[in-house]
Amino acid sequence: MKKFIGSVLATTLILGGCSTMENESKKDTKTETKSVPEEMEASKYVGQGFQPLAEKDAIEFAKKHKDKIAKRGEQFFMDNFGLKVKATNVVGSGDGVEVFVHCDDHDIVFNASIPFDKSIIDSDSSLRSEDKGDDMSMMVGTVLSGFEYRAQKEKYDNLYKFFKDNEEKYQYTGFTKEAINKTQNVGYKNEYFYITYSSRSLKEYRKYYEPLIHKNDKEFKEGMEQARKEVNYAANTDT
1 MKKFIGSVLA TTLILGGCST MENESKKDTK TETKSVPEEM EASKYVGQGF
51 QPLAEKDAIE FAKKHKDKIA KRGEQFFMDN FGLKVKATNV VGSGDGVEVF
101 VHCDDHDIVF NASIPFDKSI IDSDSSLRSE DKGDDMSMMV GTVLSGFEYR
151 AQKEKYDNLY KFFKDNEEKY QYTGFTKEAI NKTQNVGYKN EYFYITYSSR
201 SLKEYRKYYE PLIHKNDKEF KEGMEQARKE VNYAANTDT
């Protein structure tokens, strides 16, 4: 348990995401957020009222074109990472939109989000990227936390069971799965802990990691160990 135990949450969840809208935007989304208090028990929060800071027209645009935007978000992860994801939330973000997704494909599990300009709905063309920027590298790291989960699935599942079995004894409460899927984008995360993986380039992902997706468990784990060596991954991955 040397690494990756990120957050065992207290019994009260502060809904910061629900209060980050501009004042004018709040007025126009009061039907969605009015019933959500500033504080509530984490066990009762399922993502209702979640809204990042966004312009009013961006919020309305996300609502109006939700299905189209969601499909483009799912396409982004297939085009760039070769993974099937399910869009779990579409919201306005800044002057554009943001799609939150959950992946559970070949036991690769993670939550992520991708921001888009409004023009994303104007085309059905490929979203495959060659972006070498920091934001994309961070996205790759987010996806690879799901690879790390699969590589040590038994250990992480046992850790999850420990937290689950002792929840009542030690009186702690984590995020609900619904809240995680609708509001979180940090990679692999469950009710009790999360897994991190260092940022990597898309080029490295496509060369060393993507070919592992369809391998059996033994070959996958061996491939992950080899990939870490190839990219000089120095972080301790033991649990």
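For the sequence shown, position 82 matches number 82 in full-length UniProt numbering, and the numbering has no gaps at all. Beta carbons: idealized from backbone N, C-alpha and C, even for Gly. Predicted, not measured: the structure shown is a model, and the values here were computed from it.
>> Rounded to whole angstroms, what is the Cα-Cα separation between E98 and I69?
In response: E98 and I69 have their C-alpha atoms some 8 Å from each other.
> Taking the Cβ atom as the reference point for each residue, do N232 and V186 lie within a distance shorter than 9 Å?
Replying inline: Result no, Cβ atoms of N232 and V186 do not sit closer than 9 Å.
> Would K34 be called buried (16 or more neighbouring beta carbons within 10 Å of its own) or exposed?
Replying inline: With a pLDDT of 48 at K34, under the threshold of 50, the modelled position of that residue is not reliable, and the figure given next carries that caveat. By the 16-neighbour rule on beta-carbons within 10 angstroms, K34 is exposed.
> Out of curiosity, what's the CA-to-CA distance linking V140 and D57?
Replying inline: So the two alpha carbons sit approximately 30 Å from each other.
> In angstroms, rounded to a whole number, what distance separates the CA positions of E222 and E210?
Replying inline: Distance between the alpha carbons of E222 and E210 is about 14 Å.
>> Suppose the cutoff is 7 Å on Cβ atoms and the five residues either side in sequence are ignored; what does the same chain contact list for K153 look like?
In response: Answer for K153: D107, listed in chain order.
> If we ignore side chains and look at the alpha-carbon of each, how far apart do K132 and L202 end up?
Replying inline: Inter-residue distance for K132 and L202 is about 7 Å (C-alpha atoms, whole angstroms).
> Under the rule that 16 or more other beta-carbon atoms within 10 Å means buried, what is K169, buried or exposed?
Replying inline: Classification for K169: exposed.
>> Suppose you measure from the CA of L144 to the CA of F175; what does that come to, to the nearest Å?
In response: Looking at the two C-alpha atoms, the distance is approximately 22 Å.
> By how many angstroms is the C-alpha of S123 removed from the C-alpha of L159?
Replying inline: Looking at the two C-alpha atoms, the distance is approximately 44 Å.
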